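Take a look at the structure set out below.
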Amino acid sequence: MLELEHGFRVVDVYARLPPDGASPGGRDSTSTPDRLEREMHQAGITRSVVFPPASADTSYVGANNGVARHSVDRPFIALARINGTRRPGTSSIGRLRNAVSSRNPYHTTPDDIEKYAYDDRFHGFVIDPNVDDYPDKAVLETLESVGLPVLVAGTGDVRPVHLEATLLERSFPVVVAHFGGHPLERSRMHEMIDLLERYDECYVETSFVQYREVLERALLEHPDRVLFGSGVPARHPNVAVMEILTLDVSEDKLWRAFSKNACRVFEALSPAGSG
Numbered sequence: 153m154l155e156l157e158h159g160f161r162v163v164d165v166y167a168r169l170p171p172d173g174a175s176p177g178g179r180d181s182t183s184t185p186d187r188l189e190r191e192m193h194q195a196g197i198t199r200s201v202v203f204p205p206a207s208a209d210t211s212y213v214g215a216n217n218g219v220a221r222h223s224v225d226r227p228f229i230a231l232a233r234i235n236g237t238r239r240p241g242t243s244s245i246g247r248l249r250n251a252v253s254s255r256n257p258y259h260t261t262p263d264d265i266e267k268y269a270y271d272d273r274f275h276g277f278v279i280d281p282n283v284d285d286y287p288d289k290a291v292l293e294t295l296e297s298v299g300l301p302v303l304v305a306g307t308g309d310v311r312p313v314h315l316e317a318t319l320l321e322r323s324f325p326v327v328v329a330h331f332g333g334h335p336l337e338r339s340r341m342h343e344m345i346d347l348l349e350r351y352d353e354c355y356v357e358t359s360f361v362q363y364r365e366v367l368e369r370a371l372l373e374h375p376d377r378v379l380f381g382s383g384v385p386a387r388h389p390n391v392a393v394m395e396i397l398t399l400d401v402s403e404d405k406l407w408r409a410f411s412k413n414a415c416r417v418f419e420a421l422s423p424a425g426s427g
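If you read the sequence shown in our numbering, its first letter stands for residue 153, the second for the next number, and so on.
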C-alpha cells in the first residue's frame, strides 16, 4: 500500500505481535517486528502498543518478555498479557466454580503484576477473558495499587455487563477493545458507549468497529474516551486510519482519537515518552 499522507500524529493502542518475532505459516506470520514497523510507518503511525496473542492454559512470562525484547529500538511500547481464574455470571454453577477455583502455575499472581509494573519495559496490561478468564480479587487489588492501564478484549462472551461487574468499578484505566462489540454487534457497542457516562476511567478502542454512526456517536458524546487502534495483523493499519479520517467530526476530535486521548492513558505514547 502507498504511504498515507495526513497531518495528524497517530498512535495505535491495538497491535498483536508474536513473541518470537516470526511465525512462518502461522496466524501471525505477517506480523514480524520489522514488517509491523514498516506498515505502521506507511500508515503515518508514530508509536504502537504491542502485546502477545492469547493462549489458553499457558504462562505468559516468556511471551511477554519476547514482545518486550522486540520493542527495543522500535516505536513500540509493550503490554504484559495476564490471565485469571474467575468467570463472570451469577448462576449457581458459576458461583461454585469461582468459589473453588485456584491458581495454577501458569496463572498471573499479584507478585507478577508488581514485577511487570516496575519493569520499565512494560506500560500496562492486556487480558482476553474469552481465553484468560478474569483476575481474582488479589490480582485486581494489585492492579489498583500499581494503577497502570488494562486493555481488555471486547469480543465473544466479553459483554459490557460483565466488564462492569469485574473491572470498571476499579480505579485503574480500562480500555475496552472494539467498543465491546466485535464482531459487528452494534447494540453491544452502543451499550459500551452508554457506560462511558458512568465510569470516568473507561475508554473504548476503535479497531474492527466498522459502523460509522457508532464511531461518530462516541466521538461526539465522549470525545476524550475514544482511542485509535489498528487491529494489526488482522487488518492493515492504512485501512484503520482511513476509517477514522473519513468520519464526519471536527479536526479536534480526530486529533483526540488519533493521539491525545491515548497519550493520557499510556504516557509512553507521548512525544516526551518516545526516548
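Cβ coordinates follow ideal geometry from the N, Cα and C atoms, glycine included. The model shown is predicted, which means the values in this text are computed figures rather than measured ones.
Item	Value
From His388 to Glu266, what distance separates their C-alpha atoms?	34 Å
For Gly177, collect the residues of the same chain with a Cβ closer than 6 Å to its Cβ; drop the 5 residues on either side in sequence, then sort them by chain order.	Legend: pLDDT at Gly177 = 44, less than 50; position of this residue unreliable, value from coordinates given subsequently. Excluding sequence neighbours, Gly177 sits near nothing in its chain.
Work out the CA separation of Ala424 and Val224 for me, nearest whole Å.	17 Å
Do Arg199 and Ile229 have their CB atoms nearer than 8 Å?	yes
From the DSSP output, in three-state form, read off His334 for me.	strand
Going straight from the alpha carbon of Asn413 to that of Phe277, what length do you get?	18 Å
Taking Val304 as part of the beta strand (DSSP E), name the residues at either end of that continuous run.	302 to 304
Can you tell me where the alpha helix (DSSP H) with Ala317 in it begins and where it stops?	312 to 318
Would Val202 and Val213 qualify as a contact pair, given that the criterion is a beta-carbon distance under 8 Å?	no
Taking Ala420 and His275 to be in contact with their CB atoms under 8 Å, please state how far apart those CB atoms are, rounded to whole angstroms.	5 Å
Can you find at least 3 beta carbon pairs, one from the segment 318 to 329 and one from the segment 278 to 296, that sit closer than 8 Å?	yes
Taking all protein chains shown into account, do 16 or more other C-beta atoms lie within 10 angstroms of the C-beta of Thr210, making it buried, or fewer, making it exposed?	exposed
Note the first and the last residue of the continuous alpha helix (DSSP H) segment covering Ala269.	262 to 269
Based on the DSSP secondary-structure assignment, which residues constitute the bridge partners of Asp272?	Answer is none; Asp272 lacks a bridge partner.
Does DSSP put Arg255 in a helix, in a strand, or in coil?	coil
Expressed to the nearest angstrom, what Euclidean distance is found between the alpha-carbon atoms of Pro227 and Ser422?	11 Å
With H, G and I counted as helix, E and B as strand and the rest as coil, what does DSSP make of Ser422?	coil
Tell me which same chain residues have a C-beta within less than 7 Å of the C-beta of Ala167, skipping the five on either side of it?	Leu188, Ser200, Val201, Val202, Ser382, Val384
Strictly by DSSP, which residues pair up with Asp164?	Ser200
What residues in its chain sit with their C-beta under 7 Å from that of Arg311, if we drop five residues either side in the sequence?	Arg340
Thinking C-alpha only, which one of Ala386, Gly332, Glu353, Asn390 is nearest Leu367?	Gly332
Please state if the CB of Val298 and the CB of Val417 are separated by a distance shorter than 8 Å.	no
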